[in-house]
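Okay, so here's the structure we're looking at.
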Amino acid sequence: MMTVLITGATSGIGEGLAKSWADDGYHVIACGRDAARLAALQRHSPHISVRQFDMSDTDACHDALRDSRPDVAVLCAGTCEYLDAGMIDTALVERVMRTNFLGPVNCLAALQQNLQPGSRVVLVSSMAHWLPFPRAEAYGASKAALSWFADSLRLDWEPKGIDVTVVFPGFVDTPLTRKNDFAMPGKVTVGQAVKAIRNGVAKGKTEIAFPTAFGLTLRLLAGLPSIMQRALLRRMVRS
Numbered sequence: 003m004m005t006v007l008i009t010g011a012t013s014g015i016g017e018g019l020a021k022s023w024a025d026d027g028y029h030v031i032a033c034g035r036d037a038a039r040l041a042a043l044q045r046h047s048p049h050i051s052v053r054q055f056d057m058s059d060t061d062a063c064h065d066a067l068r069d070s071r072p073d074v075a076v077l078c079a080g081t082c083e084y085l086d087a088g089m090i091d092t093a094l095v096e097r098v099m100r101t102n103f104l105g106p107v108n109c110l111a112a113l114q115q116n117l118q119p120g121s122r123v124v125l126v127s128s129m130a131h132w133l134p135f136p137r138a139e140a141y142g143a144s145k146a147a148l149s150w151f152a153d154s155l156r157l158d159w160e161p162k163g164i165d166v167t168v169v170f171p172g173f174v175d176t177p178l179t180r181k182n183d184f185a186m187p188g189k190v191t192v193g194q195a196v197k198a199i200r201n202g203v204a205k206g207k208t209e210i211a212f213p214t215a216f217g218l219t220l221r222l223l224a225g226l227p228s229i230m231q232r233a234l235l236r237r238m239v240r241s
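Each residue of the sequence shown is one higher than the one before, starting from 3 at the first, in my numbering.
Next comes the structure, spelled out in structure tokens:
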């Protein structure tokens, strides 16, 4: 039976993936910080076991994951905070980077000795870093760092037979995005996100981006000269 380890399994995409894989009979190791939500996942399926820890805590990651031997590790715990009118908040940036970038790095460091040839690591990034959106300095930078790290790691782990996949979601209807105070074009459901990720993983893709139309639009905009990008994005700046 294939074992799938998922961080951020107590909410949003992570929870959807945990339930979906478990419903299909896979052994799921669901990781998160919320004990009550983890207990609810265990009640959902006998195929789910849980690990409670904070992935931003290096020692806690090693203690929780050092004995795990997943066939697929999906690192999708994340957070999003926006700067207010361009005012740099060091603590805010640190929180976002610690969760979105250093957290997955901690998990990878804890898991690396137990990953075998044929294993796959799936890192959930975001389309948000394809363009320098206003207020998204911290979030975009954290996801850009994660994507860069993954692309480099893929080359170093290829000789070991370990595959690395990066997921680029657009807007997904989760408790996190429901806090956004702006329009979210192309928004998809958690169910749609789960289907896209599972299909991509099953096909062995190195990149999974959804929704397709919104992603293509952002890629086209990202290919414009920077002066044209800035002219478009200035319309989103709040005074």
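For every residue, glycine included, the Cβ atom is placed at its ideal position computed from N, Cα and C.
### Query
Around the Cβ of L77, are there at least 16 other Cβ atoms within 10 angstroms (buried) or fewer (exposed)?
buried
### Message
Could you pull the DSSP bridge partners for R1 from this structure?
### Response
Residue 1 is absent from the model: the chain starts at 3 and stops at 241.
### Task
Measuring alpha carbon to alpha carbon, tell me which of V174, A198, E139 ends up nearest E96.
E139
#### Entry: Where the alpha helix (DSSP H) containing V95 begins and where it ends
92-99
### Message
Suppose you measure from the CA of S127 to the CA of Q114; what does that come to, to the nearest Å?
### Response
20 angstroms
### Query
Skipping 5 residues on each side, what residues in its chain have a beta carbon closer than 7 angstroms to that of T60?
N108
### Ordered list of alpha helix (DSSP H) runs contained in the segment 163-214, each at least 4 residues
192-204
### Query
Taking just the CA atoms, how far does A111 sit from A130?
26 angstroms
### Task
Work out the CA separation of M89 and K2 for me, nearest whole Å.
Since the displayed the chain opens at 3 and closes at 241, residue 2 lies outside it and no answer follows.
### Message
Can you tell me where the alpha helix (DSSP H) holding L110 begins and where it ends?
### Response
105-113
### Query
Does the beta-carbon distance from G172 to V192 come in below 8 angstroms?
no
### Simplified DSSP assignment, three categories, for L77
strand
### Message
Helix, strand or coil, according to DSSP, for T219 in the structure here?
### Response
helix
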